[in-house]
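Novice: Below: one structure in structure tokens.
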Amino acid sequence: MRIALTSLAFLMALPGFAAVKTTNGSGAIIRMLDRVTGQVADFEMQSGSTIEVAKIQVTLKECRYPQRRLNTDAFAHLLILDSRMDNPAFDGWMVASSPALSALEHPRYDVWVIKCLAPK
């Protein structure tokens, strides 16, 4: 039920996001929280790169931001794998300004996008 409601909210928000003209960033800053230890870490990632923390792999496929407004929002396409799970823990777009809209559902870790990096 929770996933269905989240999906519905995401689909309802798509027309608003579709109207925003975006620019591709060269990468993104991703934040990870370990709920057990309380540790928070920020990772600067280039598009196409992967980081591994414990048994979690985070791949940044791409990051987009509203044209001429790099620090206002970020849309990151992430693939998140947990070596203990058969299916990806997350594969989709995360939005910096609305982290709950499309969130990772994992018992130990929270991952979200902070911002895109400027193109090189």
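Mapping of the sequence shown onto mature numbering (1 follows the signal peptide of the UniProt record, and there is no 0): residues -18 to -1, 1 to 102, in sequence order. We treat Cβ as the ideally placed atom computed from N, Cα and C, and that holds for glycine. Being a predicted model, the structure only gives us computed values, none of them experimental.
Just the C-alpha distance for leucine 42 and phenylalanine 25, rounded to the nearest angstrom, thanks.
Specialist: Near 11 angstroms, if we compare the C-alpha coordinates of phenylalanine 25 and leucine 42.
Novice: Using the rule of at least 16 other Cβ atoms within 10 Å of the residue's Cβ for burial, across every protein chain shown, is methionine 27 buried or exposed?
Specialist: Buried.
Novice: Might you give, ordered along the chain, the residues of its own chain that have their beta carbon closer than 6 angstroms to the beta carbon of aspartate 92, omitting 5 neighbours on each side?
Specialist: Excluding positions up to five away in sequence, the list reads Leu15.
Novice: Taking its Cβ as the centre, do 16 or more other Cβ atoms sit within 10 Å of lysine 29, making it buried, or is it exposed?
Specialist: Contrary to the premise, residue 29 reads as serine rather than lysine in this sequence. Counting Cβ neighbours within 10 Å, serine 29 comes out buried, since at least 16 surround it.
Novice: So arginine 13 and tryptophan 75 are in contact, right, with Cβ under 8 angstroms, and what is the actual spacing, rounded?
Specialist: That belief does not hold up - the Cβ atoms of arginine 13 and tryptophan 75 are roughly 16 angstroms apart, past 8 angstroms.
Novice: So what does DSSP say about asparagine 6, is it helix, strand or coil?
Specialist: Strand at asparagine 6.
Novice: From this set, Val40, Ala78, Leu61 and Tyr47, which residue's C-alpha is nearest valine 2's C-alpha?
Specialist: Minimum Cα distance to valine 2 is reached at Tyr47.
Novice: Assign arginine 46 to one of three DSSP states: helix, strand, or coil.
Specialist: It is a strand residue.
Novice: Can you have a look at alanine 100 and say buried or exposed, based on whether 16 or more other CB atoms are within 10 angstroms of its CB?
Specialist: Label assigned to alanine 100: exposed.
Novice: Quick one: Cα of threonine -13 to Cα of serine 80, how far?
Specialist: The pLDDT assigned to threonine -13 is 49, lower than 50, so where the model puts this residue is not dependable; a value taken from the coordinates is nonetheless given after this. Going by the C-alpha atoms only, they are around 12 angstroms apart.
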